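**Q**
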Amino acid sequence: LLKITGATHGRKVGITGTIPSELGLLTKLTQLELFDNPFLTGGIPMELGQLSALEVLDLHSNGLSGTIPSSIIKELTNLKHMSLGWNKLIESIPTQFGELNSLTYLDLRHNSLKGTLPIELTQLENLEGLFLEENVLTGSISNEIRNLINLSLLRMGRNKLTGTIPTEIGLLTGLSMISLYSNKLEGSIPSEMGDLTHLQYFTIVNNVGITGLIPFEISNWQKMTNLGLVQTDLTGSIPSTLCRADIRIDCKKVVCTCQQ
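Residues 2 to 261 (our numbering) make up the sequence shown, in order.
Structural data, given as structure tokens:
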């Protein structure tokens, strides 16, 4: 275990410079945590690909730049947790992520990653958390998302995603959070999403192409605490069973029964 953080007892301490390539010599390392160091810059060294025993790689909230090296990803076959969020990473998400069968948590949010969502991500059947928000990702959400049978947290807000919300998302009955705000999605909310009875957080705020009636089936969302539907073109009414949730909706278009 190697853990270096820039936060100690609430104060920013931080390390500077680049990630030393010599870390690749620690071939028995299972956890590498170097996070919250804004002056830790440069790229992700290729030598980290030699850490074949690694289960946790946490490099979030640094000043890292460049691409996510695909040659590293395919070698880290024991990886369960990868966090590269809040950096300055660019270019596309490597398709090699699809080979990490043990991966349960993938956090790439708040970077400048672009390109389409790799279909290979839908091969990660053990994935529980997928965080891709605040990038420049394009394309649609594949109906192959149905393969992510253990997914609980899905965050893809503030990208440039297009297309519809796939009906197959309703098969992921373990989902507790879906965040798709500030994209370019269109179509309706699939009625199949009513099967997501564990859902607590759902936002599609600022997707003006989302239209149609709010499906009655979402009345099954008994655990819902935060529902964001504003800046869409939805119509209809909010089921009364959701009135205890924090709801953001345009009452000029939707019958806001909860506020009466």
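Backbone N, C-alpha and C fix where the C-beta goes; we use that ideal spot for every residue, glycine too. Here the structure is a predicted model, which is why all the values come from computation and not from measurement.
(1) Applying the criterion that 16 or more other CB atoms from any shown protein chain within 10 Å of the CB defines a buried residue, is Met83 buried or exposed?
(2) Please classify Ser22 as buried or exposed, where buried requires at least 16 other C-beta atoms within 10 Å of its C-beta.
(3) From Asn184, Gly158, Ile142 and Leu104, pick the residue whose C-alpha is nearest to that of Ile211; which is it?
(4) Check the DSSP bridge columns for Asp247 and list the partner residues they point to.
(5) Taking the alpha-carbon positions, what's the Cys244 to Phe203 distance?
(6) By how many angstroms is the C-alpha of Ile16 removed from the C-alpha of Leu41?
(7) Assuming Leu77 contacts Leu109 (C-beta within less than 8 Å), just tell me the rounded distance between them.
(8) Relative to the alpha-carbon of Ser103, which residue among Trp87, Glu129 and Glu92 has its alpha-carbon at the smallest distance?
(9) Can you tell me the Cα-Cα spacing of Gly175 and Gly44, whole angstroms?
(10) If you compare alpha carbons, which of Pro191, Glu145, Leu122 and Ile73 is closest to Pro46?
(11) Verify whether the separation of the beta carbon atoms of Ser143 and Ile120 is less than 8 Å.
(12) How is Glu193 classed by DSSP in three states: helix, strand or coil?
(13) Under three-state DSSP, which class holds Ile179?
(14) Considering only the beta carbon of each residue, do Ser180 and Glu145 sit closer than 8 Å?
(15) Evaluate Ser113 with the Cβ neighbour count: other Cβ atoms within 10 Å of its Cβ, from every protein chain shown; 16 or more gives buried, anything less gives exposed.
(16) Between which two residues does the beta strand (DSSP E) containing Ser238 stretch?
(17) Helix, strand or coil for Gly50 per DSSP?
(18) Kindly indicate the opening and closing residues of the alpha helix (DSSP H) around Ile74.
(19) Note down, in chain order, each residue of its chain lying with its Cβ closer than 6 Å to the Cβ of Pro39, except the 5 sequence neighbours on either side.
(20) Using CA coordinates, which residue listed in Asn221, Leu131, Ile250 and Gly116 is at the minimum distance from Leu152?
(21) Among the candidates Lys254, Glu34, Ser192 and Thr19, whose CA atom is the shortest distance from the CA of Pro167?
(22) Please name the residue or residues paired with Met157 in a DSSP beta bridge.
(23) Tell me which residue opens and which closes the beta strand (DSSP E) that Phe132 is part of.
(24) Look at the Cβ atom of Leu186, then the Cβ atom of Trp222, and state whether they are nearer than 8 Å.
(25) Determine the direct distance from the alpha carbon of His111 to that of Thr19, and round the result to whole angstroms.
**A** Straight from the coordinates:
(1) Here residue 83 refers to the residue found at position 82 of the sequence shown. Its Cβ being crowded by 16 or more others within 10 Å, Met83 is buried.
(2) Position 21 of the sequence shown, counted from the start, is the residue given in the question as residue 22. The residue in question, Ser22, is exposed, as its Cβ has fewer than 16 Cβ neighbours within 10 Å.
(3) Locating residue 211 in the sequence shown gives position 210, where the first residue counts as 1. When only C-alpha atoms are compared, the closest one is Asn184.
(4) Within the sequence shown, the letter at position 246 stands for residue 247. Paired residues: Asn227.
(5) Numbered from 1 along the sequence shown, position 243 holds the residue referred to as residue 244. Numbered from 1 along the sequence shown, position 202 holds the residue referred to as residue 203. About 14 Å.
(6) Taking the sequence shown and counting its residues from 1, the one referred to as residue 41 is at position 40. Taking the sequence shown and counting its residues from 1, the one referred to as residue 16 is at position 15. Going by the C-alpha atoms only, they are around 6 Å apart.
(7) Stepping through the sequence shown from its first residue, residue 77 is reached at position 76. Stepping through the sequence shown from its first residue, residue 109 is reached at position 108. Not a contact, Cβ separation roughly 15 Å.
(8) Locating residue 103 in the sequence shown gives position 102, counting from the first residue. Ranking Trp87, Glu129 and Glu92 by Cα distance to Ser103 puts Glu129 first.
(9) As a working note, residue 175 is residue 174 in the sequence shown. As a working note, residue 44 is residue 43 in the sequence shown. Near 36 Å, if we compare the C-alpha coordinates of Gly44 and Gly175.
(10) Your numbering for residue 46 matches position 45 in the sequence shown. Among Pro191, Glu145, Leu122 and Ile73, the Cα nearest to that of Pro46 is on Ile73.
(11) The residue you call residue 143 lines up with position 142 of the sequence shown. The residue you call residue 120 lines up with position 119 of the sequence shown. Yes, they are a contact pair.
(12) Position 192 of the sequence shown, counted from the first residue, corresponds to residue 193. Helix.
(13) On the sequence shown, position 178 is the one that residue 179 refers to. Three-state result, Ile179: strand.
(14) Taking the first residue of the sequence shown as 1, we reach residue 180 at position 179. Taking the first residue of the sequence shown as 1, we reach residue 145 at position 144. Not in contact: Ser180 and Glu145 (Cβ atoms no closer than 8 Å).
(15) In the sequence shown, residue 113 corresponds to position 112, counting from 1. Its Cβ having fewer than 16 others within 10 Å, Ser113 is exposed.
(16) What you label residue 238 is simply residue 237 of the sequence shown in a count that begins at 1. Taken as a continuous stretch (DSSP letters only), the beta strand (DSSP E) holding Ser238 covers Asp234 to Ser238.
(17) Position 49 of the sequence shown, counted from the first residue, corresponds to residue 50. Three-state result, Gly50: helix.
(18) In the sequence shown, residue 74 corresponds to position 73, counting from 1. Unbroken alpha helix (DSSP H) run through Ile74: Ser71 to Ile74.
(19) In the sequence shown, the residue the question calls residue 39 occupies position 38. Closer than 6 Å at the Cβ level, and outside the excluded window around Pro39, lie Gly64.
(20) Stepping through the sequence shown from its first residue, residue 152 is reached at position 151. Residue Leu131 is the option with its Cα nearest to Leu152.
(21) Residue numbering aside, residue 167 sits at position 166 when the sequence shown is read from its first letter. Among Lys254, Glu34, Ser192 and Thr19, the Cα nearest to that of Pro167 belongs to Ser192.
(22) Sequence index remark: in the sequence shown, residue 157 carries index 156 (1-based). Its beta-bridge partners do not exist; DSSP assigns none.
(23) The residue given as residue 132 occupies position 131 in the sequence shown. Residues Gly130 to Phe132.
(24) Start at 1 with the first residue of the sequence shown, and residue 186 comes out as number 185. Start at 1 with the first residue of the sequence shown, and residue 222 comes out as number 221. No. Outside cutoff.
(25) Position 18 of the sequence shown, counting from 1, holds the residue named residue 19. Position 110 of the sequence shown, counting from 1, holds the residue named residue 111. Going by the C-alpha atoms only, they are around 20 Å apart.
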